[in-house]
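Protein chains in written order, with the numbering used here: chain A, 1 to 462; chain B, 1001 to 1101.
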């Protein structure tokens, strides 16, 4: 696309499609504002950009100049960032159109998008179920065909898990591949911006544009943008590791069948398949739910009613202002995590929890290095233990909710790239398979994903 | 691992978070379950020799110490809850001091 009239048509069509998905509560931007902005962006977009005219929705914890950035939280209600995130600035420079802000669990804390102050998002296939989270609004919009791609963010699987549950592709790049300037911080040693797309190609194109060095983010590696691989004819020469810890005996039999089918396809494509062991996997969720809340309790200290968003008044002094604003402004899950984080960092508990978790994290990362050092190129696992679950099913049981991240948190803890793509259906609901790659070797991971995507019967029952 | 109501209140004070009495029992129960679950990492033998792992560059790169334009599309007055003469306005600090926890 290089014709301004086509970009304008694309903008209007995207606004129409997004308005038709209103029942999903996936887009937080008012439809009237969205349409107006999309048209203005299309008129201003540069026709030579590689994403010219492509509508890309953006998770509401990534700062944009066009729209408010609330992180799905009451504490940032109506907040407008005075700057663009690097990721959205790069998208716009490439000619893409920012197609509104998507609903998410508050500050990215959740696995169902039920922890949004703006109401839960609905699974596009079944209104009684959740789209996953925390980037559930992005996943639902892509799955409903409203946009070809959307930005999400990951701290423990928040792109791949909703991608799996909604039947779309979700990529979490290597830690340091994409600038986090303008991504509202949750767990700084884990957070990464990721991409959800209709296909491996759509998601990869967007990832390629937003990747690369950024002097504004010291944790962003000094590397060129990701180069897209060609679609391979076969997987000859690839060694794919199957970590046995991701296939426990109590794994949903249909999830296992879908993965077994994908593994048979790898062999038919010429890859060597080898069982491997990542022995510390069973401790990953526990490790994650110490490290992430600890970092969150520190990062979220800035929301005090003085600097951002609304101020909940009736306070006689500044300390009461902080407590009232934070008590009323944060939702239940954020409050829980801030308290857990404060607890594990407090005097007397630091060594038993936080220090120990940092050591466990090192052992989990070492497990991956050991597997890759033994000649494995990529690992393949289920993305989630089950398809989309019912709304409300896990709301009162935070540990059960946390366990839906069991196959995704390890890549975040180890800083590795990973991708989820649809590999089948279970009673009509999508389920994803996951490749975990070596740091900064996204190109190999994407090659394998391209090859699997071409042959896997993603919409057939497993 | 059982967290008492008093411990939740103390942690909430440290976190500058109002927790009302009605939600306290459920919060204490949920925190206890979470802490019991995460404490399983202590079953792994002591790993004193293990160096903590943080992904990303080995060393943080410093930017040149130069004065540059802020790059903001609009000034802080536009997003501050209250702003006057270049300052953020907050309530007076008179009652800030509090007894040791």
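Just so you know, even glycine gets a beta-carbon here, dropped at the ideal spot from N, CA and C.
TODO: Evaluate residue 1071 (chain B) with the Cβ neighbour count: other Cβ atoms within 10 Å of its Cβ, from every protein chain shown; 16 or more gives buried, anything less gives exposed.
DONE: exposed
Open item on the list: I need the straight-line Cα distance from residue 174 (chain A) to residue 449 (chain A), nearest angstrom please.
Closed with: Inter-residue distance for residue 174 (chain A) and residue 449 (chain A) is about 16 Å (C-alpha atoms, whole angstroms).
Open item on the list: I'd like to know if residue 1006 (chain B) contacts chain A, where contact means its C-beta is closer than 7 Å to some C-beta of that chain.
Closed with: no
Open item on the list: The beta strand (DSSP E) that contains residue 68 (chain A), what's its start and end?
Closed with: That residue, residue 68 (chain A), is in no beta strand (DSSP E); it is neither H nor E in DSSP.
- [ ] Could you tell me whether any Cβ in chain B is nearer than 7 Å to the Cβ of residue 20 (chain A)?
- [x] no
- [ ] Spell out whether any CB of chain A is found under 7 Å from the CB atom of residue 1028 (chain B).
- [x] Output row for residue 1028 (chain B): interface = no.
Task: Secondary structure of residue 27 (chain A), DSSP reduced to three states - done: DSSP places residue 27 (chain A) in strand when its eight states are reduced to three.
Task: Per-residue burial, residue 1101 (chain B) [other beta carbons within 10 Å of its own, 16 or more giving buried] - done: Note that residue 1101 (chain B) scores a pLDDT of 49, beneath 50, so its modelled location is shaky and nothing firm can be said.
- [ ] Give me whichever residues DSSP pairs with residue 196 (chain A) in a beta bridge.
- [x] A:150 and A:170
Open item on the list: In this structure, how does DSSP classify residue 442 (chain A) when only helix, strand and coil are distinguished?
Closed with: helix
Task: Of the listed residues A:343, A:249 and A:300, nearest to residue 329 (chain A) (C-alpha basis) - done: A:300
TODO: Consult DSSP for residue 56 (chain A) and reduce its assignment to one of helix, strand or coil.
DONE: strand
TODO: Starting from residue 240 (chain A), follow its DSSP beta bridges and name the residues at the other end.
DONE: Beta-bridge partners assigned by DSSP to residue 240 (chain A): A:273 and A:378.
Open item on the list: Here's the rule: buried if 16 or more other CB atoms are within 10 angstroms of the residue's CB, otherwise exposed. What is residue 230 (chain A)?
Closed with: exposed
TODO: With DSSP as the reference, please indicate the residues paired to residue 425 (chain A) in a beta bridge.
DONE: A:430 and A:461
Task: Endpoints, beta strand (DSSP E) assigned at residue 101 (chain A) - done: 97-102
TODO: Whole angstroms is fine: what's the gap from residue 153 (chain A)'s alpha carbon to residue 135 (chain A)'s?
DONE: CA-to-CA, the gap between residue 153 (chain A) and residue 135 (chain A) works out to about 7 Å.
TODO: Return the CA-CA distance between residue 7 (chain A) and residue 56 (chain A), expressed in angstroms with no decimal places.
DONE: The C-alpha of residue 56 (chain A) is placed about 13 Å away from the C-alpha of residue 7 (chain A).
- [ ] Output the distance between the C-alpha atoms of residue 59 (chain A) and residue 172 (chain A), rounded to the nearest integer angstrom.
- [x] 14 Å
Open item on the list: Just checking: is the beta-carbon of residue 1049 (chain B) within a distance shorter than 7 Å of some beta-carbon in chain A?
Closed with: no
TODO: Within the same chain, show all residues whose beta-carbon is closer than 7 Å to that of residue 1034 (chain B), passing over the 5 residues directly before and after it, in chain order.
DONE: If we look at residue 1034 (chain B) and ignore the five residues flanking it on each side, it has no Cβ neighbours.
Task: Listed by chain order, chain A residues near residue 1024 (chain B) by CB distance under 8 Å - done: Correct list: empty, because the minimum Cβ distance to chain A is about 11 Å.
Task: First and last residue of the uninterrupted alpha helix (DSSP H) at residue 292 (chain A) - done: 284-299
TODO: Give a yes or no on contact between the segment 365-374 of chain A and the segment 399-416 of chain A, applying the rule of three or more CB pairs nearer than 8 Å.
DONE: By the Cβ criterion, the segment 365-374 of chain A is in contact with the segment 399-416 of chain A, since at least three pairs of Cβ atoms, one from each stretch, lie closer than 8 Å.
Open item on the list: Using 7 Å as the threshold, is the C-beta distance between residue 141 (chain A) and residue 26 (chain A) below it?
Closed with: yes
Open item on the list: Per DSSP, what are the beta-bridge partners of residue 62 (chain A) in this structure?
Closed with: A:183
Task: For residue 390 (chain A), three-class secondary structure by DSSP - done: strand
- [ ] Verify the CB distance criterion: does residue 1071 (chain B) have a CB-CB separation below 7 Å to chain A?
- [x] By this cut-off, residue 1071 (chain B) is an interface position.
Open item on the list: In whole angstroms, give me the CA-to-CA distance for residue 1025 (chain B) and residue 1015 (chain B).
Closed with: Straight-line Cα distance between these residues: approximately 18 Å.
Open item on the list: Looking at chain A, is there any beta carbon in it that lies within less than 7 Å of the beta carbon of residue 1066 (chain B)?
Closed with: no
Task: N- and C-terminal bounds of the alpha helix (DSSP H) containing residue 266 (chain A) - done: Per DSSP, residue 266 (chain A) belongs to the alpha helix (DSSP H) from 253-268.
Task: Three-state secondary structure (DSSP) of residue 326 (chain A) - done: helix
Open item on the list: Check for me: the alpha helix (DSSP H) holding residue 48 (chain A) runs from which residue to which?
Closed with: Element bounds for residue 48 (chain A): n/a, residue is neither H nor E.
Task: Where residue 231 (chain A) sits in the DSSP three-state scheme - done: coil
- [ ] At 9 Å on the CB atoms, spell out the chain A contacts of residue 1081 (chain B), in chain order.
- [x] What residue 1081 (chain B) touches in chain A: 305, 306, 307, 308, 309, 310 and 311.
Open item on the list: So for residue 1041 (chain B), helix, strand or coil by DSSP?
Closed with: helix
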